[in-house]
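Down below is the structure, laid out as structure tokens.
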Amino acid sequence: MTTFTDFNFKLLVVEQLMYSDETLTPKFNLAEHLGVDDPFGYAVERDLAHTVLPEARAFFEALEISDELLASVEVLLADGGNEVYNECAPMWDGEDDLFDVRSLDDLALLPNLKCIEGAEEALLAVSNKLEILAARGIAVE
Numbered sequence: 001m002t003t004f005t006d007f008n009f010k011l012l013v014v015e016q017l018m019y020s021d022e023t024l025t026p027k028f029n030l031a032e033h034l035g036v037d038d039p040f041g042y043a044v045e046r047d048l049a050h051t052v053l054p055e056a057r058a059f060f061e062a063l064e065i066s067d068e069l070l071a072s073v074e075v076l077l078a079d080g081g082n083e084v085y086n087e088c089a090p091m092w093d094g095e096d097d098l099f100d101v102r103s104l105d106d107l108a109l110l111p112n113l114k115c116i117e118g119a120e121e122a123l124l125a126v127s128n129k130l131e132i133l134a135a136r137g138i139a140v141e
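The structure is reproduced here in structure tokens:
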């Protein structure tokens with residue numbers, strides 16, 4: 001089983017494979033997973049505003065991604081509007097560092113990654129991000 005060191009980096013990969021390419025199935029839907037009609041209300045009632053819901057975190061942490069799928073990833077999109085973020089934290093407004101990637105150790109899991117769109121903002125916590133990406137031949141847009 002492939003293990004990610006940075007949960008938020010894994011979410012970028014999940015966004016690409018599950019919600020963009022639709023090759024990682026089944027697609028996670030928080031409302032269905034919780035058995036509720038309103039995940040936003042669910043979060044409010046439990047005082048879980050602006051945090052990853054424990055149920056979503058558990059699902060994505062346990063989610064296995066094959067080496068074959070990981071090798072298919074050529075582009076990652078780091079954007080506050082990523083669907084995976086809404087499925088994890090339905091109240092999140094994109095105005096804090098909840099989903100900032102803090103480590104690029106997981107780049108080794110993506111042998112064919114060519115570009116990270118939005119890397120400048122999503123990787124703010126990684127001080128030498130541009131050097132690390134350039135050394136691997138990964139473009140930043």
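Just so we're aligned: 132 in the numbering used here is position 132 of the sequence shown, and the numbers increase by one with no gaps anywhere. A virtual CB, placed ideally from N, CA and C, is assigned to each residue, including glycine. Every value quoted in this text rests on a predicted model; they were computed, and no experiment measured them.
Pull up the distance between the alpha-carbon of residue i and that of residue j, whole angstroms please.
| i | j | result |
| --- | --- | --- |
| N82 | E15 | 7 Å |
| V73 | L17 | 7 Å |
| F28 | I65 | 14 Å |
| D100 | P39 | 22 Å |
| E55 | D47 | 14 Å |
If you check the beta carbons only, do residue i and residue j fall under 8 Å apart?
| i | j | result |
| --- | --- | --- |
| L109 | T2 | yes |
| A122 | A89 | no |
| V126 | L104 | yes |
| A62 | L53 | no |
Which residue marks the beginning of the beta strand (DSSP E) containing residue i, and which one marks its end?
| i | result |
| --- | --- |
| I116 | C115 to E117 |
Whose CA, out of the options, lies closest to the CA of residue i?
| i | options | result |
| --- | --- | --- |
| V75 | V84, P111, E95 and T51 | P111 |
| A31 | H50, R136, A71 and V84 | V84 |
To the nearest whole angstrom, what separates the beta carbons of residue i and residue j, a pair I think is in contact under 8 Å?
| i | j | result |
| --- | --- | --- |
| D6 | D67 | Rounded, the Cβ-Cβ distance is 18 Å, inconsistent with contact. |
Can you name the start and end residues of the alpha helix (DSSP H) that residue i belongs to?
| i | result |
| --- | --- |
| V13 | F7 to V14 |
Does the beta carbon of residue i sit closer than 8 Å to a beta carbon anywhere in chain B?
| i | result |
| --- | --- |
| A135 | You won't find chain B in this structure, because it holds only one protein chain. |
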